[in-house]
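Enquirer: Protein chains in written order, with this note's numbering: chain A, 1 to 457; chain B, 1 to 352.
C-beta atoms are modelled at their ideal positions from N, C-alpha and C, and glycine is treated no differently.
Before we start, here is the structure in question, set down as structure tokens.
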Amino acid sequence: MKLISWKIILRIIALLSLLLAASWAYFEPGFEPVLALLGAVATFIVSFFVDNNSKATTQLPAEVTLFDPDCGNAGVDLADQRLRVSAAFGAYFTGLLEREESYVPLASQIECPIGKGQEGLPPVQRIFWHLQNPKGPRLFIVAAEGGMGKSTLAAKLVRCLYEQETVDMILGDSAKSEHIDPVSGRSLTFAAGYETVSGFYQRLCAQLGVPYESDDLALADIRRRLVHRRAVIMVDNLETVAQGDRLLQSLLKITDRDIRAVITTRRASGLSDLSRQHMLVHLNPLQKPEVAKEFLYWHIDQHSPTHPNLYKTQDDLDDKKKLGWLIERSGGVPLLMQLLLSDIARSSWEQMRQLPSLFGPQLLDFLYASRWQELQQLGQPGLLARELLQWLRQEQFSNRRITSKRLYEWAQKKDQENRLNEALTLLHERFLIVNSDRQKGNYAIFPSLAEFLHTKG
Amino acid sequence: MSAEIDWDDLEDLAKQATQSGESPGAIADAAWEQLRQALETLRQAEDWSGILRLRKLFTGLLARDSAWGIPVVKKLDDIAIEAARHLDNTVELGHLLGARGHNLHRQGFHEESIAAFAESAVNYRECEDDFGALKSTFMMSLCYRALNNRQEARQILEDVLRQVEPDDPWRGNPLQVLAWLTQDEGDLPGTERLLREVLALHEQAEDADILIAGTLADLAEVVGLQGRVAEATEFFGRSLAILQQYQGQYDRQEARSKLKYAELLMRQKQYDEALQLLDDSDDKASSYGHYYDLMWRIELTRALIFARKGRWREAILKGQMVLRYRRILGLSNWLLARQLWQRLRAGTGLPR
Chain A
1 MKLISWKIIL RIIALLSLLL AASWAYFEPG FEPVLALLGA VATFIVSFFV
51 DNNSKATTQL PAEVTLFDPD CGNAGVDLAD QRLRVSAAFG AYFTGLLERE
101 ESYVPLASQI ECPIGKGQEG LPPVQRIFWH LQNPKGPRLF IVAAEGGMGK
151 STLAAKLVRC LYEQETVDMI LGDSAKSEHI DPVSGRSLTF AAGYETVSGF
201 YQRLCAQLGV PYESDDLALA DIRRRLVHRR AVIMVDNLET VAQGDRLLQS
251 LLKITDRDIR AVITTRRASG LSDLSRQHML VHLNPLQKPE VAKEFLYWHI
301 DQHSPTHPNL YKTQDDLDDK KKLGWLIERS GGVPLLMQLL LSDIARSSWE
351 QMRQLPSLFG PQLLDFLYAS RWQELQQLGQ PGLLARELLQ WLRQEQFSNR
401 RITSKRLYEW AQKKDQENRL NEALTLLHER FLIVNSDRQK GNYAIFPSLA
451 EFLHTKG
Chain B
1 MSAEIDWDDL EDLAKQATQS GESPGAIADA AWEQLRQALE TLRQAEDWSG
51 ILRLRKLFTG LLARDSAWGI PVVKKLDDIA IEAARHLDNT VELGHLLGAR
101 GHNLHRQGFH EESIAAFAES AVNYRECEDD FGALKSTFMM SLCYRALNNR
151 QEARQILEDV LRQVEPDDPW RGNPLQVLAW LTQDEGDLPG TERLLREVLA
201 LHEQAEDADI LIAGTLADLA EVVGLQGRVA EATEFFGRSL AILQQYQGQY
251 DRQEARSKLK YAELLMRQKQ YDEALQLLDD SDDKASSYGH YYDLMWRIEL
301 TRALIFARKG RWREAILKGQ MVLRYRRILG LSNWLLARQL WQRLRAGTGL
351 PR
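What follows is the structure in structure tokens.
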């Protein structure tokens, strides 16, 4: 029906009738050819009418949206939410839930399978559809390397579920967390928060208010406690997710039409992209110049108030060669792009071309290390900036909101309040710190930076 | 011997954990680490006075509602009692054991709670604090009632009431438990009369908002059981409004009021509204305090609602959870069945 519509069919009939009337009039003139002519004209007129009302010929919009694209963009005020949300997600993820506009939708970044009837839906819409479909998959696995924005996407999904009142409870935790030696008080390692299924059960049992005794009992208790509740279980930052993993199997036993799990991981193996049980979402590097440019424009817009030199790079992004170089060096990893662009804004494209041939995690580590060294050479403000980063890491891990007031008090205790602004500028210029609330301040550092700082003691 | 402790930081933590609008449950595990470290340092240094000083910082938290869902807070309580024993400080022992009894009772460990209150009373008597001893003895009556030893509970209450002046506002406390016992016996008008007297006494006392909120919820329940739904709803509204002012600090009380309100809605066949209230109540009861004694009642109410709605699978699962919680608390399930039968027949609400 797409190729030959009713309109065309009727017009062909009208044309044939016209030809018939003409030949009839030629061979045997009379009243009948006039009737045939009138019939042709009427059919022609009807063809217009059919065209305007036919459903079969209605054009589909280029992109269908079932859910508000802004759903999940607003931060969640954790003070008004369940206590377990803020208590459980000690680290970076809580900040992501609170932060406004932390997600930018980019074409082709999200790669997720297209289900039946989902043609025309953008990837995020497809995920929302599946999340809200009672018969849809129960586990949503977001897989990508560090710095790709897995947690940011997961936070958007969770926030949207909250906003839509699809869930009233957020459970789970970040799988990676810092362990502190109770005697020395020193931070020991960034080990997995729950390396074992038992650890995961213990965490959920504590959140659901039931004592943990054994895995079997815990599983039964968790399922009974979640009866009639609508919840999302967040498993952030799991190193690897593989088919047959005990944790994955446990999650399948816990989840149902009202309970969903969102998992972020660096690697997923042995899993099909879409089944009744799970949906695998990959985050692709930003390889297309137009997509990379859109992201970098967003970055400039977001961060130029604290790093005005970023504006200078805006025109350079129209230069295909420069943009191509940036994509190539960063491998299309958003965080690396942001760090490199900040460096370009501080120095020049030429200087940046002298970077050593490192890629991916090695490049990220190099960029952090060179910044760390550079700060040391910048006198008192640089040293204060280093101290500030370490303090931020601790505070962020302790789940304390880092406001401008608290920053000032911290600096005041050190008699360094005069240097605070200078130190903050150094950090903003190097994209080592982000502030999502320009009025009261809500400062954060990226988990990869926290991990790096951990090695620096 | 005084160990090096950052008392200012600990005071900040205590202040944050005990201020209204904040909740101890909203403090991340890592933030409690400094308390854990300080406690460990003081214990290793055998600085018993330091431990008692540390415990005092968190008195508000431990006195208002149990925070035993946070392991380090429970540990602080344990070690502080150990410290008071080392120092042979009977005043502190009386106080700390009394607080422990309260927390055990709130969670539902009634046998252990009786032991703690009994020891607390002994210590109070030793240091001639008669009122302290009386308060601890009175609290034992609540535990005996929960264990279905109502005769013992009544006996204690009568002894306590004999020792309190008729115009003493504190008299409201034993009278309130007497009202519950009267309700257990099925005398709803008598219960209402007593609760109104209790309310008047609490209103005379200082800083009694939470006691008033609790009494209003009890009154609402009894009034509701007598069929005066509008009046009951108004009492519940007043109770919850008071608790709203202390948001985050009296979660157990809020959970208790909402549970009773949900029971009223259940009787009115407003099942969906009741389930919503039970979810709210559950969130409060299961967060930082882990009030198992409330949670089995919440699950029981849910089970009954699901059964009435014909959702048998959910009713059975929730019923299993009731039994599980009662097993954790060491409470008899046979007793539950008996109480359920008796109270539903008498129309005096769900078992307590």
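#1: Using a Cβ-Cβ cut-off of 8 Å, state whether Val227(A) counts as contacting chain B.
#2: Considering only C-alpha positions, which residue in the set Met321(B), Ile305(B), Gln268(B), Asp218(B) is nearest to Tyr292(B)?
#3: Bridge partners for Met234(A) per DSSP, in chain order?
#4: Check distances from the C-beta atoms of the segment 197 to 214 of chain A to those of chain B and list, in chain order, the residues that come in under 7 Å.
#5: To the nearest angstrom, how far is the alpha carbon of Ala56(A) from that of Ser5(A)?
#6: CA-CA distance, Lys56(B) and Cys143(B)?
#7: What three-state label does DSSP hand Tyr26(A) in the structure shown?
#8: Specify, as a first and last residue, the run of the alpha helix (DSSP H) that Ile79(B) falls within.
#9: Less than 8 Å separating the beta-carbons of Leu296(A) and Ser304(A)?
#10: By the criterion of Cβ-Cβ separation under 7 Å, what are the contact partners of Ile328(B) in chain A?
#11: I'd like the ranges of any alpha helix (DSSP H) spanning at least 4 consecutive residues and lying wholly in the segment 337 to 382 of chain A.
#12: Give the secondary structure of Met266(B) by DSSP, where H, G and I count as helix, E and B as strand, and everything else as coil.
#13: Closer than 8 Å, CB to CB, is Met321(B) near chain A or not?
#14: Using three-state DSSP, classify Glu213(A) as helix, strand or coil.
#15: Is it buried or exposed for Asn133(A), if we count other Cβ within 10 angstroms and need 16 for buried?
#16: Using DSSP with H/G/I as helix, E/B as strand and the rest coil, what is Ser269(A)?
#17: Alpha helix (DSSP H) containing Leu449(A): first to last residue?
#18: Give me the chain B residues within the contact set of Asp221(A), using Cβ-Cβ distance strictly less than 7 Å, ordered along the chain.
#19: Counting contacts by CB-CB distance shorter than 8 Å, is His454(A) in contact with chain B?
#20: Chain A partners of His290(B), CB-CB under 9 Å?
#21: Just tell me which of Ile170(A), Leu157(A), Ile222(A) has its CA closest to the CA of Ile254(A).
#22: Which two residues bound the contiguous alpha helix (DSSP H) that contains Met295(B)?
#23: Use the C-beta contact count for Asn173(B): other C-beta atoms within 10 angstroms, 16 or more gives buried, fewer gives exposed.
#24: Please list the terminal residues of the continuous alpha helix (DSSP H) segment that includes His307(A).
#25: What is the rounded straight-line gap between the Cα of Gly136(A) and the Cα of Val241(A)?
#26: Just to confirm the assignment, what range does the alpha helix (DSSP H) spanning Ile254(A) have?
#27: Drop a sphere of 10 angstroms on the beta-carbon of Ala153(B), count the other beta-carbons inside from all chains shown, and report buried for 16 or more, exposed for fewer.
#28: With distances taken between CB atoms, is the gap from Pro361(A) to Gly146(A) smaller than 8 Å?
#29: Does Ser286(B) come within less than 8 Å of chain A when only Cβ atoms are used?
#30: What do you reckon, is the C-beta of Asn148(B) under 7 Å from a heavy atom of the ligand GDP?
#31: Straight-line CA distance for Ser113(B) to Glu119(B)?
#32: With the cut-off set at 8 Å, would you say Ala146(B) and Arg343(B) are in Cβ contact?
#33: From Arg302(B) to Lys309(B), what does the alpha carbon distance come to, in whole angstroms?
#34: Report the option in Leu335(A), Phe359(A), Leu326(A) whose CA atom is closest to the CA atom of Gln351(A).
#35: Please return the same chain residues whose Cβ sits closer than 7 Å to the Cβ of Leu157(B), not counting the five positions on each side in sequence.
#36: Can you find a C-beta in chain B that's less than 8 Å from the C-beta of Asp236(A)?
Expert: Based on what the coordinates show:
#1: yes
#2: Met321(B)
#3: Gly172(A), Val262(A)
#4: Leu208, Gly209, Pro211
#5: Any reading at Ala56(A) must be qualified, since the residue scores a pLDDT of 45, below 50, and its modelled position is unreliable; the value itself is stated next. Each residue's Cα considered, the two are about 7 Å apart.
#6: 26 Å
#7: helix
#8: 71 to 87
#9: no
#10: Pro211
#11: 349 to 352, 360 to 376
#12: helix
#13: yes
#14: coil
#15: exposed
#16: strand
#17: 447 to 455
#18: Arg324
#19: no
#20: Ala206, Gly209, Val210, Pro211
#21: Ile222(A)
#22: 292 to 308
#23: buried
#24: That residue, His307(A), is in no alpha helix (DSSP H); it is neither H nor E in DSSP.
#25: 20 Å
#26: 246 to 254
#27: buried
#28: yes
#29: yes
#30: Summarising the ligand content, the structure contains no ligands, and the ligand GDP is consequently not present.
#31: 10 Å
#32: no
#33: 10 Å
#34: Leu326(A)
#35: Ser141, Pro174, Val177, Leu178
#36: no
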